[in-house]
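Report on the structure given below.
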Amino acid sequence: MHRNEIPPGTLYLLILKTLARAGQMHGYEIAGSIQHISENVLQVEEGSLYPALQRMLIKGWVKAKWGTTAGNRRARYYQLTTAGRKQLETELSQFERVIGAITRVLQTA
Amino acid sequence: MAWLSELGRRCWMLIRRRQFDADLEEEMCLHLELKEQELVRAGLAPSDARYAALRRFGNAAALKEKSHMAWGWERFEQLVQDVNYGVRAMLRSPGITIVALLSLALGIGAITAIFSLMDALMLRSLPVKDPGRLILFGDATWSGISDGFPINQLYSYPFYREMQKKNQVFSEMTAVFSMTNRVHGSVEGRSEAEPINVQLVSGTYFSMLGVQAMAGRTLTEEDDRTRDGNPVAVVSYFWWTRSLARDPSVLNKKLRIGETLFTIVGVAPQEFFGTKVGESPDLWIPLSMQKEVPPNFDGYGDNFSESLYLMARLKPGVSMGQASADANLLYQQILRGFPDAPLSQENLEKLRQTRVDLTPMATGLSALRRQFSDPLKILMAAVGLVLLIACANIANLLLARSTARARELAVRQALGAGRTRLIRQLLTESLVLALAGGALGVALALGASRLLLRLVSGGQEAVPLDVSMNLRLLLFTLAITLVTAVLFGTIPAFRATRLQLTESLKEGRGSVSAGGRSLLAKALVVSQIAFSLVLLVGAGLFLRTLINLGNVDTGFNRENVLRLQTDASSVGYKENDPRLAALYQQIEERVGALPGVRAASYSLFTYNEGSWNNTVWVQGYAVDKDNNVKHNVVGTHYFATMGIPLLEGRTFGSQDTATSPQVAMISETMARTMFPKGSPIGRHYGRIGPEHAGDTEVIGVVKDAKFEALQEDPQTVDYYPYSQQLRYLNDVEVRYAGDFDAIVPSVRRAIHDVDHNLPISHVTTLDEQVGRSIANQRLVAQLSMFFGLLALFLACIGIYGVMSYVVTRRTSEIGIRMALGAGRSSVLWLVLREILILVTSGVAIGVAVAWAGDRLVSNLLFGLKPSDPVTLMSATVVLLMVAAIAGYWPARRASLVNPIVALRCE
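Just so you know, the protein sequences line up as chains A and B, in that order.
Per our numbering, residue 1 is the first one in the first sequence, and the count goes up by one each step.
Per our numbering, residue 1001 is the first one in the second sequence, and the count goes up by one each step.
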């Protein structure tokens, strides 16, 4: 199956949305979830998730704490903060505006 | 506020960065493992699954770095690395480091110490409200009491009141007595009198300056309203501490000065030392009380007793020009308006031409500043040169080291380090060196500034100047340190990173840039030598000035004279009281009769204590030039005590009494200029006016003696016996034989036998007093000598370092020369010749600079011209000799090269 790269700039949005839906996840789950829900169309370059998560930690959009996985392994779980939720809304509305605009351009015959 | 919490998170990360890296590592590992398991479940072979997982993940190391860098501490961590590396590099070559640190510490320490004194003396604003709006009438170069007309440096109290009332430009005005009254007083209930410095001020003094009392109140206009009406005083924080041990019940305590009990009404704040930098009064007393404060001047109501400095605060929006116009207009009006103004045609003309110059006084008044600002500037320049020499030296050492490190740097560049990155690292190393030197320098400056203050003070008691470390000083030192780091670090850093990689890697010792490097190094040495020569010439000039001053014939014999001061005015003797003469005479007799004492005398002045001068009129001598004469009032044995030889006539004796004809003795120069024909003995002259020309008879002529300064030309001086010109005399001179320390207690006892209340102070020797009068010349001579030697030493290290390097580089060449038959002496000459060329060019430049620059110091010199050939020659010879010694060792090493070893080395 052909896989598509995530459009630049939307990685944060995807992570934020994923976390908003799931509550808390570790890195591997976030990557898996994005891939799964997008029905394997969107492909996160898995490693690039981590620098992005670090930047989100700095911004205070997410917070992290250590927990245990189902397989009894130590993993770092990420969780949205209030600031993160606000950021999600901003990014979402911005994304919709852009997409809407692109769609309009494309649909105008 | 979001950025603040973000900064907080970033800092947290910095502190816990090892933990963060470990967390990230663990997280990524988990990810890879889970992926691998997933792929295995999907049917991949375990070994393939591992690679597939890694491939999907991307470059883990790069991602880790990227995550790490996301926190934004990259630069900082590099800096920490570089600093670490710099410290290690310093420790690796301890010799270089010690020399560099030492020269930096000395240079930076000295410059900081001198700056701290400059700061305290010249730059710091008074600790008062808005000091930038304060102005002074005149420039405070005069002090004392004048009765001249018209005077524009000192003002009378009535003039102050008129100016205060009529001006439109000042929000407030105040008047300050131009001298400090050094009196003795005692806190009520104590018997012992203590020395107290009183500053007489008008009632507006504190309010104009905007200074609030720390306890109680300050002086007010009310205190200054009625003559002798308000015996009140504000005490300084220091006196309160020193004399009352900060007694909280200080207010309303009584203080006896002379006949009067003063009430302490307030304590001034700790940082307030008055308006004269370098003097801090113990007491402020209103001018209305001046007659009650010894020596009991009485100028409160006198229109032409000019003794005050006037200060004022400009009204908001008023410019200096407007203020000056108004003040000058009023100056003319007020002086003309006084009913007792001596408005002769001549005086009116003089008045028309006299102007009052207003000067800003944000930094306060200071006699010390006048005396020491030139010397300090010169020393600053000297120490700046020393620092430059030190920088050149360190640059050279770093150049030498970077050659040794060429291989290391080449390896780094080959491994991908950018040039800017390497330059940054090398500069950081320089900065570490400079900061370490600067820190040592600050430590050094703490001690040095105190030493400097002692040199400036010139006597036992230190001038009250605050030279302690402060923020401004630290910033100055930091700036100097950074500048030095840039000066000595930049060129070596750029040099070291500019190399052809392959050559350096191949050869190990980069020979490519060697030619350029040694040229640069030699240029640095030449400049060092030039600067050193300039400093040596300066030091030589100042030293010779000091020697010349030491050899000046003072006219008196400065050896074996004890001198002290007594203060009869503070213990109830009145100025015209015959008891005063009796007191002086008894003390002279008692002290003079002590074993080991040859002679003793009272006098108004000894040396360098100011002057009392007037115009005199000589009978039968037309007034066609300046007939200003300095007066001294002395006891019978003054000339024997001081060792001033009598040239003609007789000295004072018991026949010269209060009722006998007025007599005087005159100086050689006065005899020659005012009595040009025949002997002056028996001729008459007088002060005050032509009608008094017959008042005083000349009975003797004495040799010229220095009056106020060693540099002065022979003065016209006359001497009166105190039996006929009775006034307060404070100076006692005692010519003694034997040990100073043994004679002092017996002299004290003899004086207290006559009056046990009489305060004694300022016990010293005449020699010391003479020495103190040339404190600034001594300061400049000693310090410039020190800096000159330091510069010479640094230049030697420079020469030695560079020549050692040159010899090392040329070892193989020398080997070949010797193999081909060159003798040791010719090899020695080969190296020495190079040194000679360096030194000669340095000297040539230095001589030119010294020649051009030494006119700047001419007013600090005495008895020689700035372009003094002897000094120039000796500085050159010293430099050549020392350079030859510094260069001899490398040259000798070159001559001892074993040709076989040298050639095998290649």
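Where a beta carbon is used, it is the ideal one built from N, C-alpha and C, also for glycine.
Since the structure is predicted, the reported quantities are computational estimates derived from the model, not experimental observations.
(1) Going by other Cβ atoms of all chains shown within 10 Å of its Cβ, with 16 needed for buried, is B:Y1051 buried or exposed?
(2) Within 10 angstroms of the Cβ of B:M1393, are there 16 or more other Cβ atoms? Answer buried if so, exposed if not.
(3) Give me the chain A residues within the contact set of B:G1058, using Cβ-Cβ distance strictly less than 8 Å, ordered along the chain.
(4) If I measure Cβ to Cβ from B:A1514 and keep anything under 8 Å in the same chain, skipping five residues before and after, which residues do I get?
(5) Residues of chain A with a CB under 9 Å from the CB of B:W1073: which are they?
(6) Kindly indicate which three-state DSSP category B:W1073 falls into: helix, strand or coil?
(7) Quick check on the DSSP output: what are the complete alpha helix (DSSP H) runs of length 4 or more inside the stretch 34–76 of chain A, in order along the chain?
(8) From B:V1843, B:H1762, B:P1890 and B:D1767, pick the residue whose C-alpha is nearest to that of B:Y1805; which is it?
(9) Express the C-alpha separation of B:K1865 and B:S1858 in angstroms, rounding to a whole number.
(10) For B:D1731, report the span of its beta strand (DSSP E) as first-last.
(11) How many Å lie between B:L1896 and B:S1826 at the Cα?
(12) Measuring straight from C-alpha to C-alpha, what distance separates B:T1141 and B:A1367?
(13) Could you give the distance in angstroms between the alpha-carbon of B:L1224 and the alpha-carbon of B:D1357?
(14) Apply the 10 Å Cβ neighbour rule to B:A949 and answer buried if 16 or more other Cβ atoms are within range, or exposed otherwise.
(15) Can you give me the Cβ contacts of B:Q1585 inside the same chain, cut-off strictly under 6 Å, excluding the 5 residues immediately before and after it?
(16) Can you say whether B:M1069 is buried or exposed, counting buried as having 16 or more other CB atoms within 10 angstroms of its CB?
(17) Put B:V1571 into one of helix, strand or coil per three-state DSSP.
(18) Answer with yes or no whether the minimum CB distance from A:I34 to chain B is below 8 Å.
(19) Just checking my contact of B:A1341 with B:L1335 at CB under 8 Å: how many whole Å lie between their CB atoms?
(20) Under 7 Å between beta-carbons, which chain A residues line up against B:A1022? List them in chain order, please.
(21) What does B:E1026 touch in chain A if you count any residue whose Cβ is under 8 Å from its own?
(22) Near B:E1306, what residues of its chain come up, given a Cβ to Cβ distance below 6 Å and the 5 sequence neighbours on each side ignored?
(23) What residues of chain A sit near B:K1066, judged by a beta carbon separation below 7 Å?
(24) Tell me whether A:Y78 sits in a helix, a strand or coil according to DSSP, three-state version.
(25) Helix, strand or coil, according to DSSP, for B:I1814 in the structure here?
(26) What whole-angstrom Cβ distance do B:Q1777 and B:L1474 have, given they're in contact under 8 Å?
(27) Any C-beta of chain B sitting closer than 8 Å to the C-beta of A:A101?
(28) Based on DSSP bridge pairs, tell me the residues matched to B:R1749.
(29) With H, G and I counted as helix, E and B as strand and the rest as coil, what does DSSP make of B:P1360?
(30) Going by DSSP, name the residue or residues bridged to B:H1631.
(31) Answer with yes or no whether the minimum CB distance from A:K86 to chain B is below 8 Å.
(32) So, A:I113 versus B:W1071, is the Cβ gap smaller than 8 Å?
(33) To the nearest angstrom, how far is it from the Cα of B:E1172 to the Cα of B:S1207?
(34) In chain order, what residues of the same chain lie with their CB nearer than 7 Å to the CB of B:E1648, ignoring the 5 residues before and after it?
(35) Bridge partners of B:F1177, per DSSP?
(36) Are any of the Cβ atoms in chain A nearer than 8 Å to that of B:R1009?
Quick look at the numbers:
(1) B:Y1051 comes out exposed.
(2) A small fix is needed here, since residue 1393 of chain B is Asn in this sequence, not Met. Under this definition B:N1393 is a buried residue.
(3) E45, E46, G47 and S48
(4) Model confidence at B:A1514 stands at a pLDDT of 49, short of 50, so the residue's coordinates are unreliable; what they give is reported in the following sentence. If we look at B:A1514 and ignore the five residues flanking it on each side, its Cβ neighbours are T1403 and R1809.
(5) What B:W1073 touches in chain A: nothing, since even the nearest Cβ is about 11 Å away.
(6) coil
(7) 49–59
(8) B:P1890
(9) The alpha-carbon atoms of B:S1858 and B:K1865 are separated by roughly 7 Å.
(10) From DSSP, the beta strand (DSSP E) with B:D1731 extends over D1731 to Y1736.
(11) 12 Å
(12) 8 Å
(13) Strictly speaking, residue 1224 of chain B in this sequence is Asp, with Leu absent from that position. Going from the Cα of B:D1224 to the Cα of B:D1357 covers about 27 Å.
(14) No information on residue 949 of chain B is available, as it lies outside the stretch 1001 to 1906 that chain B covers here.
(15) none
(16) exposed
(17) helix
(18) no
(19) 6 Å
(20) Under the 7 Å cutoff, chain A gives no residues; its nearest Cβ is about 11 Å from B:A1022.
(21) R74 and R76
(22) S1146, I1151, L1154, Y1155 and S1156
(23) P51
(24) strand
(25) helix
(26) In fact, because the Cβ distance is near 31 Å, the residues do not count as touching under 8 Å.
(27) no
(28) B:R1749 pairs with nothing; no bridge assigned.
(29) The answer is strand: DSSP assigns B:P1360 an E or B state.
(30) B:W1612 and B:D1718
(31) no
(32) The displayed coordinates of chain A run from 1 to 109. Any statement about residue 113 of chain A would go beyond what the structure contains.
(33) 8 Å
(34) S1679, I1681, G1700 and V1701
(35) DSSP, once it has assigned bridges, lists B:L1308 as partnering B:F1177.
(36) yes
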